[in-house]
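Colleague: There's a structure below that I have some questions on.
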Amino acid sequence: MKRVFEHPPEKLTGKRYWRSLSELSDTPEFRGWLEREFPAGAAQLEGDEWSRRGFLKLMGASMAMAGFGLTSCRRPEAHLVPFTKSVEWAIPGKALYYATAMPRRTGGLPLVVTTHDGRPSKIDGNPLHPASGGATDAFAQASILDLYDPARSKRFVEKGEKTEKGRKVENFEARDRATFEKYLADLRTQIAADGGAGLAFLVEEVHSPTRERLRAELVKAYPKMRWCVYDPLLTEAQSFATQLSFGENARLVPRFERADVVLALDCDFLDCGEGDVAGVRAFSSRRRVGEAKDTMNRLYVVENRFTLTGAMADHRLRCPASQIPAFVRALAGKIAVATKDANLGSTIATLTEPAGAMKFDEQWLTECANDLMAKPGASLVLAGAHQPVVVQLMAYAINSALKNVGSTLIVREFVRALRNNSILQLAGEINSGRIKQLFILGGDPVYNAPKGITIDKDTKAPVDWDELQKKVPDVVRLGYFEDATSELSKWHVPAAHYLEAWGDASTSEGAYLAIQPMILPLFGGVSEIEMMNTVLGKPKVEGPELVQETFRATAPPGDFATAWSALLRDGFAAHVVLKDKPPTFNSNNAGGVAHTLWATAPEPTLDAPEIVLTRSYAMDDGRYINNGWLQELPDPITKLTWDNAALMSPVQAKHLGVNTGDLVNIAVTETTKDVHGQPIKRELVIAALVSPGHADNSISVALGYGRKKTGPIGEEAGFNGYLLRTSSNPHYLAVDGKTIESITVTTSPTPALPPAPSTTPGAPSPTPTPASTPNRRLHNLGTYALSITQDHWSIEGRGLVREATVEHYREDPEFVKKIAGDEELPAKLPSIYSHPPLDAEQQWGMSVDLNVCTGCSACIVACQSENNIPIVGKLQVSHGRAMHWLRLDRYYASEKPFNQDRGEYPENPEIVHEPMMCQHCENAPCETVCPVNATVHSEDGLNVMAYNRCIGTRYCANNCPFKVRRFNYFDYNQRPVGKKKIGPLSVYQEYLGPLTEKGAPDTTKLQKNPNVTVRMRGVMEKCTYCVQRIETAKIAAHVHAGASNKTRIPTDSFTSACAQACPTDAIVFGDVKDPESRVSKMKKQDRNYRLLEYLNVNTRTSYLARIRNPNPKMPDANRIAVASLGHESSENGAKAKHDKAAPHPEEKP
Amino acid sequence: MANFFPRWTNWLPLKLSICGIIIVSGLTGATWYYVTPKYTRVGYQPIQPVPFPHDIHVSQLGMDCRYCHSFVDVAAHSNLPNTQTCMACHTQVQKDNPKLEPVRASWKTGQPVEWVQIHRTPDYVYYDHSAHVNRGISCASCHGQVNHMPVVYHAKPHSMAWCLECHRHPENFLRPETQITNLDWKPDWEKPADFVAKYGQPKDATDDWSKKQKLTQKEIGQTLKERWNIKPPLNCQGCHR
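Chains as they are written, first to last, in our numbering: chain A, 276 to 1424; chain B, 1110 to 1350.
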């Protein structure tokens, strides 16, 4: 009989942690997730037409038949194939590491790429360069999968026409490169004839000096050509405001390490994908506390939805995005009065209080302003890049008034010789028929260009990009996928991955990075600079000549060949340094423009909420749509996989009468008129997701999903938010009377217009949801299955997350040892199982600092990439079969009791992220129940899995209190994952199981780490502490020792994949027996605690408690970070309970 | 008196005995196959594209193993020689030997020679050559006396039990680091005085080993094991990741 451990009871009042609204209301679904390791029916292949049992019966029969042939009796002959000639540096079986960089919207990210026998297999940060410091983010980690994407574009395609059944239809014909080059040569003579007057380039922002150089050459050759940079998430508002306030060629670089107080206004700077890794590192360096006397920075966040930055905040104010201008104006007013700063005063002088704008908490505003002013030169106000120009200007003026410019906000000189056109200008020119040859390098404007981009000269109605593109006779498109833009182009050219081509990039701070190829283009892809070189009519280059020429122009010191090898070795050129500009804020310019542009929408209402279009943490702008790792990566806040959704607060959801998963129709009516003189109405049908902590009257939609024509992974994933996006409202849509007349959100489709086919979800047959509340309206749109992992792997037990305020920590540095309710715990008993001898010279352990963990999820993808973890598909995720060894538990903490019937919702919870992986218990409960000894302990403290012994009883997973074991229900590594309509049943399935051909695509096999077993069906697996890295380090130490006894691995000479990727060094791995190792020092801190210590499992992974730094004068100060202390308010309750607490035994290494 | 046994039990002894015979013969057959060296491929000697005679190259010409298997002491894999390595000598020596035609063809065309693999560890075993040959384990311990093989064959079983024999008692196999690629080495060759002067002797040895006539393998192994801190892994993670 199963013995059920009685965890100490959870208190029912006061502040507590919870994972989802269903946990708060204790629904049966949540109980199911909590009580079972795997959900009921997890062992059944879904769809019921193929039960696992039936399948096994069939397989058993075919096995028996196969036995007659005795086919498996003879061993296959294998061959060993050496090189003919030796290859430079190549040692068979040994990894090689190359420095390179990933081109990004905000600047290059320096990388070190691991290659095995010539194939790149893992990406890590370049520890030599401060722009990475060895850290990466989820996108850099996942980009290696894009290289091997079987769905990427592999051919040159020419669009022509053919006659079919008497009608002319478009015909796409695959061509070879020579044909394309001949076409291009002809095109070049056309271009040269009129000096490039009809030539235009539409490119993405990649910060490549070589591209800039080639562009200058193009301008020289074709002086009348146009160059347009478009990236949907690149904001022109911010760069315009920066140029205006600090002069031409200026760029602002925040210096978080100098800031004591930071105010983020709708600015998600902790999102590595948007900001940069260096900024996140700098911020967390001021967040880290070693002991109670250490100080930390304070973070105020004003935002409409929970972002990673909001989750780190000490004080968070929910505010619709359209009300940020009003908030900044109110704040600027307070600071202007107090500091009497002339610049700030003149900037905001003419801005009147907007009518109908939101009213803000006066105390919040005053105390936040006071706190900022108390630290002149050490505070920092950041406005989100997508906020309008006037917000940017006010934020700069506030920083200038607070003397931050030049101190926490550096002005960097960024010389841009030539100015870019915007896509709007380009659209205008196409519309007027001036553009004859258009080169679209990267991007997917048909998918992501603003809707209604220009006014058609004939019909006087707005037109979309796809209509415009059809008007250009010669469109050449360099793309990674054959997508919607390629379909409307004359030529499609396959693009090379950045790991396949030479290039260069500059970081956000202006350092020069080299991009070197690791592998020849797998499918003959062409890089952007090669393409430009061809347009220039220069001879074809095979090697790095184009980049070398740019590098030569930077005047490297010494001999060029030596400098070039040093650049390739280090990945960056140390001699390229950008100068700072004098930090003078031009208030004349700013004030004038602010006055002209000042406009604020009235406060949105529950009936007409604002729609905020946000960057997705997984898809970026949609470019990663076919990347399975990122699709399956749970969103850090909502834990949603494989989709996006309309996030809304519980109050908003109740008002609309929807629950998570219900489809809603968002209809935006614009003031502009269409061809028939009717106001333009843009609609999006999207699933709702109730997100606690979201601002009321506001709905967030992540962009980047719903992209058509990618690969099987990205098909039918999510809803296309770009359908609502126009150039006048790139970030949020609010009823302002100027551009938008009305916004309605309904649960029924508009009768006049059926939902656009592009937004009709490919959901499995909609299941009717029973009407649970009386005010629920009739649903016409039905529901949509969302795979949300927030309840999966819920852990029972107490004190999982512990946090306190910095003041409480100073009063009681040992607070972490006392958890609420611990006086009710049974006395700790000795273990009745024999312990393994932990007698190795080095003992491995891990420490996770919750105080600096931002929840960015880089560790999850790094683990997936290092350990050959497969993706399983959306439906499999919803069945609880996701294979991530490392998961991020996101806990909300709130005080208000939850009672939906009485209309009580947790409105403004806090968030704590907790990375959770195998804890490597010394008294591991999993080991004692394994009938075949497949999971055992090693003498250096690892709980190891011998996959070959595992027979798949899953007892170990059932006995794991942390729920970190994952079971291969199916052969995920052997079967393609993708969505497909199968047979006459028309069932959407991601894991196609026995109905597909066995065997993964060859290209995805190339990515696998050769040092880690690729697990098969029926095998249990879990975090191994990257045992392959431990063993490699051990072997290296032994080889180095040779005929001596110095076999010790040097302290901190290697680390696990998650710790290596972590941008904030929250995860630290190493030898816990060595007092000098970083992990030992972390574990000695007084914030150190181990999970479920009362179960006597003696985990090797320990956590450092979260510390928050609230401002005591703020209205919500005494509600912050008290949930784990187990009392109603933060004052005296804690001490009374702590006195009774039993001392816990010291943690043994 | 009623029948205690129903009718069908009449045939039971026969059925049981037939089942018994099938099971027993099956077990015998399985054992016959799986525990004999044949299962572990001992004696496997495939036909190679070029009948490379290790005995001539090593024993007669005195070439070191590492001339061709050049990365055996730095990498997990012991590499096979490139065509380039073969052609370094065979452009002058035996340059018209018809047996070498595949090598010459490879050098001309750039297509590698496809050697047939003899020693093969399963995919879930992560064996590292460098960790062994740098720490006193000779090539001969796993591959046998390759220097006397005209054509290489699989000499040792390479089963997990066989691995563990050495991992449990490495002293039975360790030899001085200078003798790793000397496949003919015998413990008798070591002069006790020189050996003890260089490596010392185990702490718990009571008598002075340098005065001995001969050293046994066990004595040499124990000395080296202690001196080099040899602790072969016995847990799963050592070989399975």
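Heads up, the beta-carbon is just placed ideally off N, CA and C, and yes, glycines get one too.
(1) Could you spell out the range, first to last residue, of the alpha helix (DSSP H) harbouring K1309 (chain A)?
(2) Once DSSP output is grouped into helix, strand and coil, what is the label at N723 (chain A)?
(3) Whole angstroms is fine: what's the gap from R1350 (chain B)'s alpha carbon to V1302 (chain A)'s?
(4) Kindly list the residues whose CB is nearer than 7 Å to the CB of A1111 (chain B), restricted to its own chain and excluding five residues on each side of it in sequence; keep chain order.
(5) Where does K1323 (chain B) land, buried or exposed, given buried means 16+ other C-beta within 10 angstroms?
(6) Looking at chain A, is there any beta carbon in it that lies within less than 8 Å of the beta carbon of H1351 (chain B)?
(7) Can you pull out the residues from the segment 1329-1341 of chain B whose beta carbon lies closer than 7 Å to at least one beta carbon of chain A?
(8) Quick check: F860 (chain A) and Y980 (chain A), are their CB atoms within less than 8 Å of each other?
(9) Put G1037 (chain A) into one of helix, strand or coil per three-state DSSP.
(10) Helix or strand or just coil, what does DSSP make of P529 (chain A)?
(11) Counting only Cβ pairs nearer than 7 Å, list the residues of chain A close to W1224 (chain B).
(12) Taking a contact to mean a Cβ-Cβ separation below 8 Å, would you say G785 (chain A) touches L853 (chain A) in this structure?
(13) Where does R1175 (chain B) fall in DSSP's three states?
(14) Compute the Euclidean distance between the alpha carbons of W1120 (chain B) and Q1157 (chain B), then round it to the nearest angstrom.
(15) Contact check, M1192 (chain A) vs V1239 (chain A) under 8 Å by CB: the rounded distance?
(16) T1278 (chain A) lies in the alpha helix (DSSP H); which residues open and close that run?
(17) Using a Cβ cut-off of 8 Å (strictly closer), state whether Q1157 (chain B) contacts chain A.
(18) Provide the residue span of the beta strand (DSSP E) that contains E1189 (chain A), from first to last.
(19) Assign G1258 (chain A) to buried or exposed, taking buried as 16 or more other Cβ atoms, counted over all protein chains shown, within 10 Å of its Cβ.
(20) Along chain B, which residues have their Cβ under 7 Å away from the Cβ of P1441 (chain A)?
(21) Taking its Cβ as the centre, do 16 or more other Cβ atoms sit within 10 Å of V950 (chain A), making it buried, or is it exposed?
(22) Between which residues of its own chain and V564 (chain A) is the CB-CB distance below 7 Å, once the five residues before and five after are set aside?
(23) Could you pull out every unbroken alpha helix (DSSP H) segment of at least 4 residues lying fully inside the segment 837-890 of chain A, listed in chain order?
(24) For the beta strand (DSSP E) holding H590 (chain A), just list the boundary residues, first then last.
(25) Could you check what DSSP says for R1350 (chain B) in three-state terms: helix, strand or coil?
(26) Show which residues of chain A have a CB atom less than 9 Å away from the CB atom of N1243 (chain B).
(27) Let me confirm a value: T584 (chain A) is counted as buried when at least 16 other C-beta atoms fall within 10 Å, else exposed. Which label applies?
(28) For P858 (chain A), collect the residues of the same chain with a Cβ closer than 7 Å to its Cβ; drop the 5 residues on either side in sequence, then sort them by chain order.
(29) Please list, in chain order, all residues of the same chain as P725 (chain A) whose beta carbon is under 6 Å from its beta carbon, the five residues on each side excluded.
(30) Can a CB atom of chain B be found closer than 8 Å to the CB of Q1335 (chain A)?
(31) For W766 (chain A), which residues does DSSP report across the bridge?
(32) Grouping DSSP H, G and I as helix and E and B as strand, with all else coil, what is A1046 (chain A)?
(33) Can you name the residues of chain B whose CB is closer than 8 Å to the CB of Y1222 (chain A)?
(34) Would you mind giving the Cβ-Cβ distance between P357 (chain A) and N1188 (chain B), rounded to the nearest angstrom? I have them listed as a contact below 8 Å.
(35) Chain A beta carbons: is any one of them nearer than 8 Å to that of C1345 (chain B)?
(36) Give the C-beta separation of V552 (chain A) and L384 (chain A) to the nearest angstrom, bearing in mind that I take them to be a contact with Cβ-Cβ under 8 Å.
Modeller: Per the coordinate set shown:
(1) Within the first sequence, the letter at position 1034 stands for residue 1309 (chain A). Per DSSP, K1309 (chain A) belongs to the alpha helix (DSSP H) from V1302 to A1316.
(2) The residue given as residue 723 (chain A) occupies position 448 in the first sequence. Helix at N723 (chain A).
(3) Start at 1 with the first residue of the second sequence, and residue 1350 (chain B) comes out as number 241. Start at 1 with the first residue of the first sequence, and residue 1302 (chain A) comes out as number 1027. So the alpha carbons of these two residues sit roughly 6 Å apart.
(4) Walking along the second sequence from the start, residue 1111 (chain B) turns up at place 2. Taken in chain order, the list of residues that qualify is empty.
(5) Counting from one through the second sequence, the residue named residue 1323 (chain B) turns up at place 214. Burial is judged here by how many other beta carbons sit within 10 angstroms of a residue's own beta carbon; K1323 (chain B) has fewer than 16 and is exposed.
(6) The requested residue 1351 (chain B) does not occur in the structure, where chain B is confined to residues 1110 to 1350.
(7) R1336, W1337 and N1338
(8) As a first step, residue 860 (chain A) must be located in the first sequence, where it is residue number 585. As a first step, residue 980 (chain A) must be located in the first sequence, where it is residue number 705. No, these two residues do not count as a Cβ contact at 8 Å.
(9) In the first sequence, residue 1037 (chain A) corresponds to position 762, counting from 1. A caution first: G1037 (chain A) carries a pLDDT of 39, below 50, which makes its placement in the model unreliable, though a value can still be read off. Residue state, collapsed to three classes: coil.
(10) Taking the first residue of the first sequence as 1, we reach residue 529 (chain A) at position 254. Here P529 (chain A) sits in strand by DSSP.
(11) Stepping through the second sequence from its first residue, residue 1224 (chain B) is reached at position 115. Near W1224 (chain B) (Cβ distances below 7 Å), the residues of chain A are H354 and L355.
(12) In the first sequence, the residue the question calls residue 785 (chain A) occupies position 510. In the first sequence, the residue the question calls residue 853 (chain A) occupies position 578. The answer is yes: Cβ separation under 8 Å.
(13) Counting from 1 along the second sequence, the entry for residue 1175 (chain B) is found at position 66. R1175 (chain B): helix per DSSP, three-state reduction.
(14) Residue mapping note: residue 1120 (chain B) aligns to position 11 of the second sequence, counting from 1. Residue mapping note: residue 1157 (chain B) aligns to position 48 of the second sequence, counting from 1. Within the model, the alpha-carbon separation for W1120 (chain B) versus Q1157 (chain B) is close to 57 Å.
(15) Position 917 of the first sequence holds residue 1192 (chain A). Position 964 of the first sequence holds residue 1239 (chain A). M1192 (chain A) to V1239 (chain A), Cβ: 6 Å. Contact.
(16) Here residue 1278 (chain A) is taken as the residue at index 1003 of the first sequence, counted from 1. Taken as a continuous stretch (DSSP letters only), the alpha helix (DSSP H) holding T1278 (chain A) covers D1277 to Q1282.
(17) Numbered from its first residue, the second sequence carries residue 1157 (chain B) at position 48. Answer no: the Cβ-Cβ gap between Q1157 (chain B) and chain A never drops below 8 Å.
(18) Taking the first residue of the first sequence as position 1, residue 1189 (chain A) is located at position 914. Residues E1185 to M1191.
(19) Numbered from 1 along the first sequence, position 983 holds the residue referred to as residue 1258 (chain A). Bear in mind that a pLDDT of 48 at G1258 (chain A), under 50, signals an unreliable position, so the model cannot answer this.
(20) Any answer about residue 1441 (chain A) is impossible in this case: the structure gives chain A only from 276 up to 1424.
(21) In the first sequence, counting from the first residue as 1, residue 950 (chain A) sits at position 675. That one is exposed.
(22) On the first sequence, residue 564 (chain A) is found 289 positions in, with the first residue counted as 1. Counting only Cβ-Cβ distances below 7 Å, and skipping sequence neighbours, we find M571, N1126 and I1382.
(23) 862-872
(24) Along the first sequence, one-based indexing puts residue 590 (chain A) at 315. H590 (chain A): member of the beta strand (DSSP E) spanning H590 to R593, first to last residue.
(25) What you label residue 1350 (chain B) is simply residue 241 of the second sequence in a count that begins at 1. The answer is coil: DSSP assigns R1350 (chain B) none of H, G, I, E or B.
(26) What you label residue 1243 (chain B) is simply residue 134 of the second sequence in a count that begins at 1. Those within 9 Å of N1243 (chain B) in chain A are H1313, V1314, H1315, A1316, G1317 and A1318.
(27) Counted from its first residue, the first sequence places residue 584 (chain A) at position 309. Buried: at least 16 other Cβ atoms inside 10 Å.
(28) Taking the first sequence and counting its residues from 1, the one referred to as residue 858 (chain A) is at position 583. For P858 (chain A), where only same-chain residues beyond five positions count, the Cβ hits under 7 Å are V680, G681 and V686.
(29) Within the first sequence, residue 725 (chain A) is the residue found at index 450, counting from 1. Answer for P725 (chain A): R1000, T1001 and S1002, listed in chain order.
(30) Along the first sequence, one-based indexing puts residue 1335 (chain A) at 1060. Chain B, which has no Cβ nearer than 8 Å to the Cβ of Q1335 (chain A), makes this no.
(31) Residue numbering aside, residue 766 (chain A) sits at position 491 when the first sequence is read from its first letter. W766 (chain A) is bridged to A:E433 and A:V751.
(32) Working through the first sequence from its first residue, we reach residue 1046 (chain A) at position 771. Reliability of the predicted coordinates at A1046 (chain A) is poor, the pLDDT of 36 falling under 50, and no value is obtained from them.
(33) Position 947 of the first sequence holds residue 1222 (chain A). Residues of chain B passing the Cβ test: Y1233 and H1349.
(34) Within the first sequence, the letter at position 82 stands for residue 357 (chain A). Within the second sequence, the letter at position 79 stands for residue 1188 (chain B). Between N1188 (chain B) and P357 (chain A) the Cβ distance is about 6 Å, and since that is below 8 Å, they are a contact.
(35) For the purposes of this step, residue 1345 (chain B) is identified with residue 236 of the second sequence, where counting begins at 1. By this cut-off, C1345 (chain B) is an interface position.
(36) Counted from its first residue, the first sequence places residue 552 (chain A) at position 277. Counted from its first residue, the first sequence places residue 384 (chain A) at position 109. About 7 Å; that satisfies the 8 Å criterion.
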